[in-house]
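A.B. asks: Questions regarding the structure given below will be posed in turn.
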Amino acid sequence: MKTALQKDRTAANPERTGPLEFVAPDVNIYETKDGYLLEAEMPGVNKDGLEITLEGHEVTISGRRPDEVAVGKPLFRERHGAHYRRVFELDPAIDTARISARMNQGILFLTLPKSEEVKPRRITVGD
Amino acid sequence: MNLIKWQRPALTSWPSFGRLSDLRDEIDRLFEPPLTGLARPSHLLSGWTPALDVYEEKDHFTVKAELPGMKKEDIEVSFHDGGLNISGERKSETKHDDTEVYRAERFFGRFHRTVTLPTSIAADKIKASYKDGVLTVTLPKTEDARPKHIDVSVN
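Protein chains in written order, with our numbering: chain A, 1 to 127; chain B, 128 to 282.
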């Protein structure tokens with residue numbers, strides 16, 4: 001499965017004053033005989049901020065952080081406030097109709113099953 | 128300001144080579160305002176150093192750390208000698224039997240960070256919560272450390 005990075009630092013959102021920033025989330029991708037599992041790190045994003053779109057054989061995952069309530073004067077900052085976005089090109093063997101996703105403590109788990117036709121199958125020999 | 132004692136966590140997994148492609152991000156960050164960018168240590172050689180913010184309010188500090196994919200019981204928060212310690216271990220949720228790894232950018236293993244707070248803290252009133260992969264620790268200042276307003280009387 002090929003991966004592609006996509007960043008868009010200029011896309012303007014009418015509701016915000018500054019430009020909307022996106023970073024690519026770190027991912028792990030595993031392949032099993034049934035399909036692929038993709039884990040993407042998007043801390044601060046909950047289910048409502050998550051958007052997964054499928055276009056042909058390209059899947060885009062994007063996660064928007066809710067606006068944080070100000071909690072005082074920043075003394076030290078390492079966290080970036082950017083949203084997450086990344087595009088993946090899918091193996092044509094993936095059955096796009098059965099892709100499922102779940103979110104747990106800032107990690108997106110995307111299950112991408114292979115279609116039945118391409119799975120290895122044992123054929124019984126008749127008499 | 129002596130705020131952060133940074134400790135290099137033990138390197139318990141392969142450094143992720145995928146991060147090299149993020150070099151551009153690192154360079155971009157150098158040109159961002161100093162508070163948001165420069166303080167972030169590079170991931171390239173250091174294993175996992177969860178990103179962390181410290182905010183000050185009149186009567187308390189808030190520390191936020193990004194710890195996606197942890198179990199609540201694997202996060203340890205302690206306060207000792209004016210310093211807040213956040214440590215723990217992240218374990219993979221995915222079983223690795225029969226799987227082939229295509230991409231491994233996430234870090235699994237132990238991490239440890241310490242923040243020294245600039246004023247005294249009511250240690251028994253510290254609260255921590257974990258939501259959407261972000262740990263939030265609230266540290267109330269002691270009564271003496273809060274700013275006092277003094278009225279000037281005119282004779």
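Beta carbons: idealized from backbone N, C-alpha and C, even for Gly.
None of these values were measured; they are calculated from a predicted model.
Here's the rule I'm using: 16 or more other beta-carbon atoms within 10 Å means buried, otherwise exposed. How should B:D271 be labelled?
C.D. replies: Result: exposed.
A.B. asks: Out of B:E220, B:F206 and B:K199, which one is the CA nearest neighbour of B:T243?
C.D. replies: Of the candidates B:E220, B:F206 and B:K199, the one whose C-alpha sits nearest the C-alpha of B:T243 is B:F206.
A.B. asks: Identify the residues that DSSP records as bridge partners of A:P113: which are they?
C.D. replies: According to DSSP, A:P113 bridges with A:G35.
A.B. asks: Note down, in chain order, every chain A residue with its Cβ under 7 Å from the Cβ of B:T226.
C.D. replies: Going along chain A in sequence order, the residues near B:T226 (Cβ under 7 Å) are Y30, E31 and T32.
A.B. asks: Applying a beta-carbon distance threshold of less than 8 Å, which residues of chain A neighbour B:R273?
C.D. replies: Going along chain A, no residue has its Cβ under 8 Å from B:R273, so there is no contact; the nearest lies around 13 Å.
A.B. asks: State the start and end residues of the unbroken beta strand (DSSP E) segment that holds A:I61.
C.D. replies: E58 to G63 is the extent of the beta strand (DSSP E) around A:I61.
A.B. asks: Cα separation between A:R64 and A:P25?
C.D. replies: Using only the alpha carbons, I get a separation of about 12 Å.
A.B. asks: What number of angstroms, rounded off, separates the C-alpha of A:S62 from the C-alpha of A:I52?
C.D. replies: Looking at the two C-alpha atoms, the distance is approximately 6 Å.
A.B. asks: Less than 8 Å between CB atoms is the rule here; does B:S256 satisfy it with respect to chain A?
C.D. replies: Not closer than 8 Å to any Cβ of chain A, the Cβ of B:S256 fails to qualify, so no.
A.B. asks: Does DSSP classify B:G210 as helix, strand or coil?
C.D. replies: Three-state result, B:G210: strand.
A.B. asks: Determine the burial state of B:N282: buried for a count of at least 16 other Cβ atoms within 10 Å of its Cβ, exposed for fewer.
C.D. replies: B:N282 should be labelled exposed.
A.B. asks: Count the other C-beta atoms from every protein chain shown that fall within 10 angstroms of the C-beta of B:T246, then say buried if there are 16 or more, exposed otherwise.
C.D. replies: Its Cβ having fewer than 16 others within 10 Å, B:T246 is exposed.
A.B. asks: So is A:V138 in contact with chain B if we call contact Cβ pairs under 8 Å?
C.D. replies: Residue 138 of chain A falls outside the range modelled here, since chain A spans only 1 to 127, and no answer is possible.
A.B. asks: Terminal residues of the continuous beta strand (DSSP E) containing A:A101?
C.D. replies: Run containing A:A101: S100 to N104, per the beta strand (DSSP E) assignment.
A.B. asks: Quick check: the region 257-271 of chain B against the region 218-238 of chain B, are there 3 or more CB pairs under 8 Å?
C.D. replies: The region 257-271 of chain B vs the region 218-238 of chain B: no contact.
A.B. asks: Could you check which residue in B:K254, B:P195, B:Y182 and B:E184 has the C-alpha nearest to that of A:P43?
C.D. replies: Comparing Cα-Cα distances from A:P43 to each of B:K254, B:P195, B:Y182 and B:E184, the minimum goes to B:P195.
A.B. asks: In this structure, how does DSSP classify A:K119 when only helix, strand and coil are distinguished?
C.D. replies: Looking at A:K119 - three-state DSSP - the assignment turns out to be coil, as it is neither helix nor strand.
A.B. asks: A:T96 by DSSP, collapsed to three states: which one?
C.D. replies: If DSSP states are grouped into helix, strand and coil, A:T96 belongs with the helices.
A.B. asks: DSSP three-state label for B:K218, please.
C.D. replies: Of the three classes helix, strand and coil, the one that applies to B:K218 here is coil, per DSSP.
A.B. asks: Is the beta carbon of A:P113 closer than 8 Å to that of A:G35?
C.D. replies: In this structure, A:P113 lies closer than 8 Å to A:G35 by Cβ.
A.B. asks: Within the 8 Å Cβ cut-off, does B:S169 reach chain A?
C.D. replies: Per-residue confidence for B:S169 stands at a pLDDT of 48, beneath the threshold of 50, marking its modelled position as unreliable; the derived number appears in the next sentence. No, its Cβ sits nowhere closer than 8 Å to a Cβ of chain A.
A.B. asks: Please identify, using Cβ separations under 9 Å, the residues of the region 68-89 of chain A that lie next to chain B, in order along the chain.
C.D. replies: So the list reads E68, A70, V71, G72, K73, P74, L75, F76, R77, E78, R79, H80 and G81, given in the order they occur along the chain.
A.B. asks: Using a threshold of 8 Å, state whether the C-beta atoms of A:L27 and A:L20 are closer than that.
C.D. replies: Looking at the sequence provided, one finds Val at residue 27 of chain A rather than Leu. No.
A.B. asks: Output the boundary residues of the beta strand (DSSP E) element that contains B:T189.
C.D. replies: Here the beta strand (DSSP E) through B:T189 covers H187 to E193.
A.B. asks: Rounded to whole angstroms, what is the Cα-Cα separation between B:D201 and B:E216?
C.D. replies: Those two C-alpha atoms are separated by around 6 Å.
A.B. asks: Just the C-alpha distance for B:T221 and A:G106, rounded to the nearest angstrom, thanks.
C.D. replies: For B:T221 and A:G106, the distance between alpha carbons rounds to 15 Å.
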